[in-house]
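One structure is given below, encoded as C-alpha cells.
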Amino acid sequence: MLKSSIVEKIEGFFTNGFDQNGPIISPEYKEKVLSLNRSPVYASLRWLQDMDAINDEDMGKFEQVKKCRNTLTHEMLSFASSGVDFDVAEAFDEMVALLRKIEMWWFEHFEMAIDPESYPDDLDLDQVIPGPVWSLQMLIDVSLGPKEEAEKYYDLFVAAADKT
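What follows is the structure, encoded as C-alpha cells:
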C-alpha cells in the first residue's frame, strides 16, 4: 500500500486524461520523476523529497520498513517458527507514519489548495485521516492488535451491513 501510494499518486498527478489504453501520462513524468532514479519507487521518493514532502530521515524509515517487509515476505517460515530480529508492530507503525506524512502532504498542497472553500478555516489537520491510512491502520489493528480491537471492527461492519 505504501509503495503504490508513493508511485501512483505522482503518476496520477502527471496524467493528462485517459484513452482506450488507460491513463495518458504526460512526458513531464519521465522528465521530472522517472529521470531521478531507474526505480519508479525511488524516483518517486526522490521527487517527494525534492518537493519537501519527505526528508532524509523519512528515506531512512522507508529503507527500514522495506527491509522488514522483505524479511517477512521472503522468510515467512523462519518468521513463523522463530520470529524476527525487529518489532513487527513498530515497523508497521513506521509505515503508517510515513504513509500519513505523504498523504497529508498531498491533501494540504493539492486537495485543500484546489478547493479551499470545501474545508473549514479552523480545520485541525491532526484530526484528518486519509483513506489509505485509515485502511492500513484498520488492517494492522485487526491483525496485530488485541482481540477486542478486531471485534470492534467486526461489530461496526455487521451493524453497517444490517442497515443496508
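This note's numbering runs 335 ahead of the 1-based position in the sequence shown. Backbone N, C-alpha and C define an ideal beta-carbon position, used for all residues, glycine too.
Contact set for residue i: own chain, Cβ-Cβ below 7 Å, skip 5 residues either direction
i           : result
residue 375 : 342, 369
residue 381 : 371, 372
residue 454 : 447
Same chain only: Cβ atoms within 8 Å of residue i, ignoring 5 sequence neighbours per side
i           : result
residue 477 : 484, 485, 488
residue 400 : 337, 426, 429, 430, 433
DSSP state of residue i mapped onto helix, strand, coil
i           : result
residue 499 : coil
residue 356 : coil
residue 405 : helix
Any non-hydrogen atom of the ligand ATP within 8 Å of residue i CB
i           : result
residue 427 : By its list of ligands, the structure shown contains no ligand whatsoever, and the ligand ATP lies outside what it can speak to.
Residue from the options with nearest C-alpha to residue i
i           : options            : result
residue 384 : 448, 479, 440      : 440
residue 349 : 337, 363, 389, 434 : 363
residue 491 : 479, 481, 473      : 473
residue 403 : 470, 378, 351, 424 : 424
residue 461 : 379, 479, 442, 449 : 442
residue 523 : 458, 436, 444      : Nothing about residue 523 can be reported from this structure: the residues present for the chain run from 336 to 499 only.
residue 379 : 481, 351, 340, 456 : 340
Buried versus exposed call for residue i [16 or more other C-beta atoms within 10 Å across all chains shown]
i           : result
residue 431 : buried
residue 493 : exposed
residue 366 : exposed
residue 345 : buried
residue 448 : exposed
residue 452 : exposed
residue 388 : buried
residue 392 : exposed
Proximity test, Cβ basis, 9 Å: residue i and chain C
i           : result
residue 433 : In the displayed structure, chain C is absent; only one protein chain is listed.
Inter-residue CB distance, residue i and residue j (contact presumed, cutoff 8 Å)
i           : j           : result
residue 397 : residue 475 : Incorrect: roughly 17 Å between the Cβ atoms, too far for contact.
residue 360 : residue 353 : Not confirmed; about 10 Å, so no contact.
residue 446 : residue 467 : Contact doesn't hold; Cβ gap of about 13 Å is too wide.
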